[in-house]
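A.B. asks: First to last, the protein sequences are chains A and B.
Following my numbering from start to finish, the first sequence increments by one per residue and tops out at 169.
Following my numbering from start to finish, the second sequence increments by one per residue and tops out at 169.
Heads up, the beta-carbon is just placed ideally off N, CA and C, and yes, glycines get one too.
It should be emphasised that the depicted structure is a prediction, and the values quoted were computed from it without experimental measurement.
Protein chains: 2
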Amino acid sequence: MNVRDAAERSGLPSKTVRYYDEIGLVVPDRRGNGYRDYDDRAVQKLAFLKRARQLGFSIEDCRHLLSLYEDKDRASADVKALAEAHLKEINVRLAELEHLRDTLKHLIHACHGDNRPDCPILADLSGKE
Amino acid sequence: MNVRDAAERSGLPSKTVRYYDEIGLVVPDRRGNGYRDYDDRAVQKLAFLKRARQLGFSIEDCRHLLSLYEDKDRASADVKALAEAHLKEINVRLAELEHLRDTLKHLIHACHGDNRPDCPILADLSGKE
DNA sequence: CTTGAGCTTACAGTTACTAGAACCTTTATG
DNA sequence: CATAAAGGTTCTAGTAACTGTAAGCTCAAG
Numbered sequence: 041m042n043v044r045d046a047a048e049r050s051g052l053p054s055k056t057v058r059y060y061d062e063i064g065l066v067v068p069d070r071r072g073n074g075y076r077d078y079d080d081r082a083v084q085k086l087a088f089l090k091r092a093r094q095l096g097f098s099i100e101d102c103r104h105l106l107s108l109y110e111d112k113d114r115a116s117a118d119v120k121a122l123a124e125a126h127l128k129e130i131n132v133r134l135a136e137l138e139h140l141r142d143t144l145k146h147l148i149h150a151c152h153g154d155n156r157p158d159c160p161i162l163a164d165l166s167g168k169e
Numbered sequence: 041m042n043v044r045d046a047a048e049r050s051g052l053p054s055k056t057v058r059y060y061d062e063i064g065l066v067v068p069d070r071r072g073n074g075y076r077d078y079d080d081r082a083v084q085k086l087a088f089l090k091r092a093r094q095l096g097f098s099i100e101d102c103r104h105l106l107s108l109y110e111d112k113d114r115a116s117a118d119v120k121a122l123a124e125a126h127l128k129e130i131n132v133r134l135a136e137l138e139h140l141r142d143t144l145k146h147l148i149h150a151c152h153g154d155n156r157p158d159c160p161i162l163a164d165l166s167g168k169e
């Protein structure tokens with residue numbers, strides 16, 4: 041099937057599907073006219089990628105996951121290790137983001153928000169600590 | 041003072057300080073030999089930027105904040121609105137990240153992680169739902 | 001046969017830097 | 001005074017993961 045159909049079935053934009061071909065993630069066959077030709081297996085891989093990307097795995101992680109996915113004899117320990125490393129990163133990002141939110145919340149609360157030029161947000165940003 | 045000193049005092053890498061000059065965020069004077077020459081005011085602005093970037097404001101937000109910071113007659117309502125919009129984005133990101141973490145946690149827990157090729161993480165990624 | 005949709009490639013732009021190369025200036029030392 | 005190290009300059013390219021745009025080829029329908 042053509043790229044558009046593969047894109048629709050996998051839920052990705054066609055631009056992205058072409059991009060995944062370009063970087064060698066999912067390389068389709070080509071027809072006589074040069075058009076990409078995706079089969080069901082390729083569409084499955086694209087859908088797999090969409091899900092993995094949504095879960096925040098990087099493209100390189102995805103490449104790895106895809107090869108494990110392809111490999112019937114892969115060890116699930118490999119996959120688990122990858123997922124665990126990823127979870128760790130997510131927890132770090134979460135903590136940072138929460139801290140950031142608290143700081144911002146505090147600043148917004150302290151800011152009167154009227155037309156007086158005195159503003160605690162700017163005061164904090166300028167390093168009043 | 042030279043770029044290195046300005047960088048050290050503001051807590052930014054000198055590369056970044058030069059970059060901020062290039063994009064017109066903090067443009068220092070130049071000496072006869074072409075060297076950048078930062079004064080205390082410029083260093084203050086750099087430090088301001090560091091803090092604002094740490095809080096997750098984009099460069100364009102920072103440009104806006106900087107002009108408000110410079111403007112003695114700015115309305116703190118403007119700053120507050122910017123901060124509130126930013127907080128909203130952060131909350132969205134937080135919710136997404138939390139959801140992601142829960143999914144991943146669940147998957148890792150369900151994965152036995154030994155050498156058997158059967159792996160629930162890959163099963164989920166392939167769209168078993 | 002023409003029109004329009006859909007395919008192709010290639011190149012630029014996005015964000016916020018970072019790395020490296022080639023070259024110039026200043027400062028410290030023998 | 002010569003020189004070498006340290007630090008300054010600009011420029012280009014690379015990063016992640018696409019997205020947008022343009023020029024041009026192919027195909028299906030009327």
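According to a CB-to-CB cut-off of less than 7 Å, which residues of the segment 119 to 130 of chain A neighbour chain B?
C.D. replies: Within the segment 119 to 130 of chain A, the qualifying residues are V119, K120, A123, E124, H126, L127 and I130.
A.B. asks: Mind checking whether S54 of chain A and V43 of chain A have CB atoms under 8 Å apart?
C.D. replies: By one-based count along the first sequence, residue 54 of chain A stands at place 14. By one-based count along the first sequence, residue 43 of chain A stands at place 3. Against a cut-off of 8 Å, the Cβ pair of V43 of chain A and S54 of chain A comes out as a contact.
A.B. asks: Short check: CB of I130 of chain A to CB of R141 of chain B, under 8 Å?
C.D. replies: Taking the first residue of the first sequence as position 1, residue 130 of chain A is located at position 90. Taking the first residue of the second sequence as position 1, residue 141 of chain B is located at position 101. Result yes, Cβ atoms of I130 of chain A and R141 of chain B sit closer than 8 Å.
A.B. asks: Spell out whether any CB of chain A is found under 8 Å from the CB atom of T143 of chain B.
C.D. replies: Numbered from 1 along the second sequence, position 103 holds the residue referred to as residue 143 of chain B. By this cut-off, T143 of chain B is an interface position.
A.B. asks: To the nearest whole angstrom, what separates the beta carbons of V66 of chain A and A82 of chain A, a pair I think is in contact under 8 Å?
C.D. replies: For the purposes of this step, residue 66 of chain A is identified with residue 26 of the first sequence, where counting begins at 1. For the purposes of this step, residue 82 of chain A is identified with residue 42 of the first sequence, where counting begins at 1. So it is a contact: roughly 6 Å between Cβ atoms.
A.B. asks: Under 8 Å, CB to CB, which of the residues in the segment 60 to 86 of chain A have a partner in chain B?
C.D. replies: Within the segment 60 to 86 of chain A, the residues whose Cβ lies closer than 8 Å to some Cβ of chain B are Q84, listed in chain order.
A.B. asks: When burial is assigned at 16 or more other CB atoms within 10 Å of the CB, is S116 of chain A buried or exposed?
C.D. replies: Start at 1 with the first residue of the first sequence, and residue 116 of chain A comes out as number 76. S116 of chain A comes out buried.
A.B. asks: Quick one: Cα of E169 of chain A to Cα of M41 of chain B, how far?
C.D. replies: Here the question's residue 169 of chain A lines up with position 129 in the first sequence. Here the question's residue 41 of chain B lines up with position 1 in the second sequence. Note that E169 of chain A scores 49 on pLDDT, short of 50, meaning its location in the model is unreliable and no value can be drawn from it.
A.B. asks: Using the Cα positions of T143 of chain B and L122 of chain A, report the straight-line distance between them to the nearest angstrom.
C.D. replies: Here residue 143 of chain B corresponds to residue number 103 of the second sequence, with the count starting at 1. Here residue 122 of chain A corresponds to residue number 82 of the first sequence, with the count starting at 1. Using only the alpha carbons, I get a separation of about 14 Å.
A.B. asks: In the DSSP assignment, find the alpha helix (DSSP H) that holds R81 of chain A and state where it starts and stops.
C.D. replies: Within the first sequence, numbered from 1, the residue matching residue 81 of chain A stands at position 41. Start and end: D80 to Q94.
A.B. asks: Do you know how far the Cα of Y60 of chain B is from the Cα of A125 of chain B?
C.D. replies: Counting from 1 along the second sequence, the entry for residue 125 of chain B is found at position 85. Counting from 1 along the second sequence, the entry for residue 60 of chain B is found at position 20. Straight-line Cα distance between these residues: approximately 24 Å.
A.B. asks: CB A46 of chain A to CB L86 of chain A, shorter than 8 Å?
C.D. replies: As a position in the first sequence, residue 46 of chain A is number 6, starting the count at 1. As a position in the first sequence, residue 86 of chain A is number 46, starting the count at 1. It is a contact, given that the beta carbons lie within the stated cut-off.
A.B. asks: Using a cut-off of 8 Å between C-beta atoms, extract the partners of S166 of chain B located in chain A.
C.D. replies: Sequence index remark: in the second sequence, residue 166 of chain B carries index 126 (1-based). The answer, in chain order, is Q84, A87, F88, R91 and Y109.
A.B. asks: Under 8 Å Cβ-Cβ, which residues of chain B neighbour E138 of chain A?
C.D. replies: Mapped onto the first sequence, residue 138 of chain A falls at position 98. The answer, in chain order, is L134.
A.B. asks: List, in order along the chain, the chain A residues whose C-beta lies closer than 8 Å to that of L99 of chain B?
C.D. replies: Within the second sequence, residue 99 of chain B is the residue found at index 59, counting from 1. Looking at the sequence provided, one finds Ile at residue 99 of chain B rather than Leu. Simply none; closest approach about 14 Å.
A.B. asks: What is the C-beta distance between Y109 of chain B and L147 of chain A, in whole angstroms, given that I count them as a contact (C-beta under 8 Å)?
C.D. replies: Translated into the one-based positions of the second sequence, residue 109 of chain B becomes position 69. Translated into the one-based positions of the first sequence, residue 147 of chain A becomes position 107. With a Cβ gap of about 14 Å, Y109 of chain B and L147 of chain A do not count as contacting.
A.B. asks: Is there at least one Cβ from chain B nearer than 8 Å to L147 of chain A's Cβ?
C.D. replies: Start at 1 with the first residue of the first sequence, and residue 147 of chain A comes out as number 107. Yes, because at least one Cβ of chain B sits closer than 8 Å to the Cβ of L147 of chain A.
A.B. asks: Taking the C-alpha atoms as reference points, what is the distance between D79 of chain B and E62 of chain B?
C.D. replies: Stepping through the second sequence from its first residue, residue 79 of chain B is reached at position 39. Stepping through the second sequence from its first residue, residue 62 of chain B is reached at position 22. One C-alpha to the other measures close to 17 Å.
A.B. asks: Applying a beta-carbon distance threshold of less than 9 Å, which residues of chain B neighbour L162 of chain A?
C.D. replies: Counting from one through the first sequence, the residue named residue 162 of chain A turns up at place 122. Correct list: F88, L105, L108, Y109, R114, S116 and V119.
A.B. asks: Per DSSP, R70 of chain B forms a beta bridge with which residues?
C.D. replies: The count along the second sequence starts at 1 and reaches residue 70 of chain B at position 30. B:R76, per the DSSP bridge assignment.
A.B. asks: Three-state secondary structure (DSSP) at H104 of chain A?
C.D. replies: Locating residue 104 of chain A in the first sequence gives position 64, where the first residue counts as 1. Helix, per DSSP.
A.B. asks: Is there a Cβ from chain B that is less than 8 Å from the Cβ of L95 of chain A?
C.D. replies: Within the first sequence, numbered from 1, the residue matching residue 95 of chain A stands at position 55. Yes, contact with chain B.
A.B. asks: Rounded to the nearest angstrom, what separates R103 of chain B and C151 of chain A at their Cα positions?
C.D. replies: Within the second sequence, numbered from 1, the residue matching residue 103 of chain B stands at position 63. Within the first sequence, numbered from 1, the residue matching residue 151 of chain A stands at position 111. Rounded to the nearest angstrom, the two C-alpha atoms are 20 Å apart.
A.B. asks: Since L137 of chain B and L127 of chain A should fall inside the 8 Å C-beta cutoff, what is the C-beta to C-beta distance between them, to a whole number of angstroms?
C.D. replies: Residue numbering aside, residue 137 of chain B sits at position 97 when the second sequence is read from its first letter. Residue numbering aside, residue 127 of chain A sits at position 87 when the first sequence is read from its first letter. That belief does not hold up - the Cβ atoms of L137 of chain B and L127 of chain A are roughly 11 Å apart, past 8 Å.
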